[in-house]
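>
Residue numbers (the numbering used here), protein chains in the order written: chain A, -16 to 169; chain B, -16 to 169.
(1) Please state the DSSP three-state secondary structure of residue 104/A.
(2) With a CB to CB cut of under 8 Å and the five nearest residues on each side skipped, what residues in its chain are close to residue 13/A?
(3) Between the segment -2 to 27 of chain B and chain A, which residues of the former have CB atoms less than 7 Å from a CB of the latter, in chain order?
(4) If contact means a Cβ-Cβ distance below 8 Å, which residues of the segment 27 to 44 of chain B contact chain A?
(5) Decide if the segment 90 to 104 of chain A is in contact with the segment 139 to 146 of chain A; the criterion is three or more beta carbon pairs, one per stretch, under 8 Å apart.
(6) Just to make sure I have the definition right: I need the residues of chain A whose C-beta is within less than 9 Å of the C-beta of residue 135/B. Which are they?
(7) Between residue 42/B and residue 19/B, which are expected to be in contact by the criterion C-beta below 8 Å, what is the C-beta distance as a whole number of angstroms?
(8) Would you mind stating whether residue -7/A and residue 16/A have Cβ atoms separated by less than 8 Å?
(9) Quick check for students: name the residue ranges of the beta strand (DSSP E) that lie wholly in the segment 108 to 136 of chain B, counting only runs of 3 or more.
(10) Note down, in chain order, every chain A residue with its Cβ under 8 Å from the Cβ of residue 141/B.
(11) Suppose you measure from the CA of residue 8/B to the CA of residue 148/A; what does that come to, to the nearest Å?
(12) Which residues share a DSSP beta bridge with residue 55/A?
(13) In the DSSP output, which residue or residues are listed as bridge partners for residue -10/A?
(14) DSSP three-state call for residue 40/A: helix, strand or coil?
(15) Tell me whether residue 115/B is buried or exposed, calling it buried when 16 or more other Cβ atoms sit within 10 Å of its Cβ.
(16) Leaving out the 5 sequence neighbours to the left and right, which residues in its chain are closer than 6 Å to residue 97/A when beta-carbon positions are compared?
(17) Which value, in whole angstroms, describes the spacing of the CA atoms of residue 100/A and residue 110/B?
(18) Examine chain A for any beta-carbon lying closer than 8 Å to the beta-carbon of residue 104/B, and answer yes or no.
(19) Any idea what DSSP makes of residue 165/B, helix, strand or coil?
(20) Tell whether a beta-carbon distance below 8 Å holds between residue 102/B and residue 128/B.
(21) Rounded to whole angstroms, how far is the Cβ of residue -9/A from the Cβ of residue 36/A, which I believe are closer than 8 Å?
(22) If you check the beta carbons only, do residue -3/A and residue 57/A fall under 8 Å apart?
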């Protein structure tokens, strides 16, 4: 069974995180949602719009060997918290080297900081100045550049999830999730 | 400030609930997420895909006078729990009479049970036999029939949220949220 690591930090964009988790789990992927050790309220993490989601476990004992991919939802405050966390940066680098790494909205900022952003990527249009990296593409909801996959924002999160399901599980599972969730626009 | 009541029960569809809350709060609506009194884990409510969201308060002391609208996310288990809850049925009837009532995916089943489903509605395509009510429309992501608004499923939740923002706040706020969340497909 394919498995994906998804860290959330205070101020994460809730729709992006939940859309990714929902689509991936429907596609048969085991998704582990983790919180950072320095979160004020432990596993209960509050997003940018005041929605509190319970993470499955702490990032403390996570090792990249147990997963096929790591994916980062956006939201600026959550993104800054991820970027400032040394363990997150280490994991991002390990996933780039040996697995698949994904980020959306503001979170490609974390990939930039970790030095793993490729030649082609996308992000939230309003975030590209701060990410400040050549290769930004405005023309695609999801951009795959080798083992780095990026996406634009809240409205593209479900489509990003489908690309991950297709890559880790297969096109038939992806199509079943797409039909079942009424995602004809992806 | 416009205010919306959104109840969640074990087995709710997480993306639908979170998309509605996220879009409505970005649009300037105060959204109160409530749990049912008989939930096993109180305010922590787990959805159909294993995502646990923390509700803001219990439905116990809620009165319809404090809100402009009530909206129900789908997911079959959550829908059945809402349909079996007497207070939810009472509130649905009060909102139909004096305010606005909304439901999506499987949840128009609750409106049917409460006797408030109108002449034109939509729902999850796979739920229409069980809802068993004339007037089902397959051709629209969101159907407005007076003060009853319905929508189809996970992929249409963001568009449903925009329709609510336009109705309760105005077209300019709706357009700002639509642009900011990259929801050009709605």
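The beta-carbon is built from N, C-alpha and C at its ideal position, and this holds for glycine as well.
In this text, all values refer to a predicted model and were calculated from it rather than measured experimentally.
According to the structure data:
(1) To locate residue 104/A, count along the first chain from 1; it is residue 121. Strand at residue 104/A.
(2) The sequence position of residue 13/A within the first chain is 30, counting from 1. In its chain, beyond the 5 residues on either side, -16, -15, -14 and -13 have a beta carbon closer than 8 Å to the beta carbon of residue 13/A.
(3) From the segment -2 to 27 of chain B, only -2, 1, 2, 4, 5, 8, 9 and 27 have a Cβ closer than 7 Å to chain A.
(4) Of all residues in the segment 27 to 44 of chain B, 27, 32, 33, 34, 35, 36 and 37 have a Cβ within less than 8 Å of some Cβ in chain A.
(5) The segment 90 to 104 of chain A is not in contact with the segment 139 to 146 of chain A.
(6) As a working note, residue 135/B is residue 152 in the second chain. Chain A residues near residue 135/B: 165.
(7) If you number the second chain from 1, residue 42/B lands on position 59. If you number the second chain from 1, residue 19/B lands on position 36. The C-beta distance from residue 42/B to residue 19/B rounds to 6 Å, short enough to meet the 8 Å contact threshold.
(8) Here residue -7/A refers to the residue found at position 10 of the first chain. Here residue 16/A refers to the residue found at position 33 of the first chain. Residue -7/A is not a Cβ neighbour of residue 16/A, given a cutoff of 8 Å.
(9) Listed in chain order, the complete beta strand (DSSP E) runs (minimum 3 residues) inside the segment 108 to 136 of chain B are 125 to 128 and 131 to 134.
(10) Counting from 1 along the second chain, the entry for residue 141/B is found at position 158. Residues of chain A whose Cβ lies closer than 8 Å to the Cβ of residue 141/B are, in chain order, -2, 137 and 138.
(11) Position 25 of the second chain, counted from the start, is the residue given in the question as residue 8/B. Position 165 of the first chain, counted from the start, is the residue given in the question as residue 148/A. Using only the alpha carbons, I get a separation of about 30 Å.
(12) As a working note, residue 55/A is residue 72 in the first chain. In DSSP, residue 55/A forms a bridge with 86/A.
(13) Within the first chain, the letter at position 7 stands for residue -10/A. Bridge partners of residue -10/A according to DSSP: 17/A.
(14) Locating residue 40/A in the first chain gives position 57, counting from the first residue. Strand, per DSSP.
(15) Residue numbering aside, residue 115/B sits at position 132 when the second chain is read from its first letter. Classification for residue 115/B: exposed.
(16) As a position in the first chain, residue 97/A is number 114, starting the count at 1. The residues are 72, 75 and 76.
(17) Counted from its first residue, the first chain places residue 100/A at position 117. Counted from its first residue, the second chain places residue 110/B at position 127. Residue 100/A and residue 110/B: Cα-Cα distance of roughly 43 Å.
(18) Position 121 of the second chain, counted from the first residue, corresponds to residue 104/B. For residue 104/B, no CB of chain A lies under 8 Å from its own CB, so it is not counted at the interface with that chain.
(19) Within the second chain, residue 165/B is the residue found at index 182, counting from 1. Coil, per DSSP.
(20) Translated into the one-based positions of the second chain, residue 102/B becomes position 119. Translated into the one-based positions of the second chain, residue 128/B becomes position 145. Yes. Within cutoff.
(21) Counted from its first residue, the first chain places residue -9/A at position 8. Counted from its first residue, the first chain places residue 36/A at position 53. Rounded to the nearest angstrom, the Cβ distance from residue -9/A to residue 36/A is 7 Å, consistent with a contact under 8 Å.
(22) Reading the first chain from its first residue, position 14 is the one you call residue -3/A. Reading the first chain from its first residue, position 74 is the one you call residue 57/A. Result no, Cβ atoms of residue -3/A and residue 57/A do not sit closer than 8 Å.
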